[in-house]
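Under UniProt numbering, think of the first position of the sequence shown as 1, with each following residue one higher.
Here a beta-carbon is modelled for each residue, glycine too, at the ideal position from N, C-alpha and C.
Report on one structure; see the data block that follows.
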Amino acid sequence: MTQMEKVEAVAVPTVFDDQGAWEIVRVDYALRQLTVVAQDVKSDTSIRVRFDDVVAYRVMDERDLGEYWPACSLPNGWVYSIRSGGWLSQESARSGSCVGLFYPGVQEYLVAGFTDCVSVLCTSEPRIELDPGNS
Numbered sequence: 001m002t003q004m005e006k007v008e009a010v011a012v013p014t015v016f017d018d019q020g021a022w023e024i025v026r027v028d029y030a031l032r033q034l035t036v037v038a039q040d041v042k043s044d045t046s047i048r049v050r051f052d053d054v055v056a057y058r059v060m061d062e063r064d065l066g067e068y069w070p071a072c073s074l075p076n077g078w079v080y081s082i083r084s085g086g087w088l089s090q091e092s093a094r095s096g097s098c099v100g101l102f103y104p105g106v107q108e109y110l111v112a113g114f115t116d117c118v119s120v121l122c123t124s125e126p127r128i129e130l131d132p133g134n135s
């Protein structure tokens with residue numbers, strides 16, 4: 001088994017950071033745009049994280065992303081910019097991948113939900129806002 005590079009991550013600050021734990025409840029993708037909707041596990045508050053210029057994304061249970069912990073865990077935040085050691089690093093090292101070649105400036109983000117997590121490779125920063133479905 002190959003030794004994995006340690007994940008280095010920085011939390012993306014949001015106005016929702018101190019409001020609880022977030023559960024991923026919906027992921028919508030259309031034409032290189034991805035919207036991740038998360039709901040506070042203790043209330044009905046929902047927020048959305050929107051990504052433009054998406055190259056790739058994946059949804060995985062947090063138990064299968066052990067290399068991201070503890071760098072990407074509460075109370076540090078719930079949306080992270082992955083600086084090294086994550087999925088993008090794996091793709092860059094994989095012989096069949098052209099991600100870095102076709103998309104210079106690609107970045108990795110992780111939305112860490114209570115159970116599921118969404119990894120996103122894109123070329124722009126996420127926008128985080130209250131989901132309009134909230135009353």
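(1) Under the rule that 16 or more other beta-carbon atoms within 10 Å means buried, what is Pro-104, buried or exposed?
(2) What number of angstroms, rounded off, separates the C-alpha of Met-1 from the C-alpha of Ser-84?
(3) Are there three or more Cβ pairs, one per stretch, closer than 8 Å when the region 47 to 57 is compared with the region 124 to 135?
(4) Can you check which of these residues, Ala-21, Arg-32, Val-118, Val-7, is closest to Asp-40 by C-alpha distance?
(5) Whose CA, out of Lys-42, Arg-58, Ser-43, Asp-28, lies closest to the CA of Ala-112?
(6) What residue does the beta strand (DSSP E) around Phe-102 start on, and which one ends it?
(7) Fully enclosed by the region 36 to 123, which alpha helix (DSSP H) runs are 4 residues long or longer?
(8) Could you tell me whether the Cβ atoms of Val-106 and Cys-117 are closer together than 8 Å?
(9) How would you call Gly-77, buried or exposed, if buried means at least 16 neighbouring beta carbons within 10 angstroms?
(10) Going by beta carbon distance, what residues of the same chain come within less than 6 Å of Ala-11, once the five residues before and after it are set aside?
(11) Does DSSP classify Leu-33 as helix, strand or coil?
(12) Enumerate in chain order the residues of its own chain whose CB-to-CB distance from Leu-65 is below 7 Å, with the five nearest sequence positions on each side excluded.
(13) With a threshold of 7 Å on Cβ separation, who are the neighbours of Val-36 within its own chain once the five nearest residues in sequence on each side are excluded?
Taking the definition as stated:
(1) Along the sequence shown, one-based indexing puts residue 104 at 104. Label assigned to Pro-104: exposed.
(2) Translated into positions along the sequence shown, residue 1 becomes position 1. Translated into positions along the sequence shown, residue 84 becomes position 84. Confidence is the limiting factor: at Met-1 the pLDDT is only 41, short of 50, which leaves the residue's position unreliable, though a coordinate-based value still follows. Approximately 19 Å, taken between the alpha carbons.
(3) yes
(4) Stepping through the sequence shown from its first residue, residue 40 is reached at position 40. If we check each option's Cα against that of Asp-40, Ala-21 comes out closest.
(5) For the purposes of this step, residue 112 is taken as the residue at position 112 of the sequence shown. Of the listed residues, the one whose Cα sits closest to Ala-112 is Arg-58.
(6) Start at 1 with the first residue of the sequence shown, and residue 102 comes out as number 102. Not the beta strand (DSSP E): Phe-102 falls in the alpha helix (DSSP H), residues 99 to 102.
(7) 87 to 93, 99 to 102
(8) Residue 106 sits at position 106 when you count from the first residue of the sequence shown. Residue 117 sits at position 117 when you count from the first residue of the sequence shown. Against a cut-off of 8 Å, the Cβ pair of Cys-117 and Val-106 comes out as no contact.
(9) Translated into positions along the sequence shown, residue 77 becomes position 77. Counting Cβ neighbours within 10 Å, Gly-77 comes out buried, since at least 16 surround it.
(10) On the sequence shown, residue 11 is found 11 positions in, with the first residue counted as 1. Excluding residues within five positions, the ones whose Cβ falls inside 6 Å are Asn-76, Gly-77, Tyr-80.
(11) Within the sequence shown, numbered from 1, the residue matching residue 33 stands at position 33. It should be pointed out that residue 33 corresponds to Gln in this sequence rather than to Leu. The answer is strand: DSSP assigns Gln-33 an E or B state.
(12) Within the sequence shown, residue 65 is the residue found at index 65, counting from 1. Cβ within range, chain order: Cys-117.
(13) By one-based count along the sequence shown, residue 36 stands at place 36. Here the set comprises Ile-24, Val-27, Arg-48, Val-49, Val-111, Val-118.
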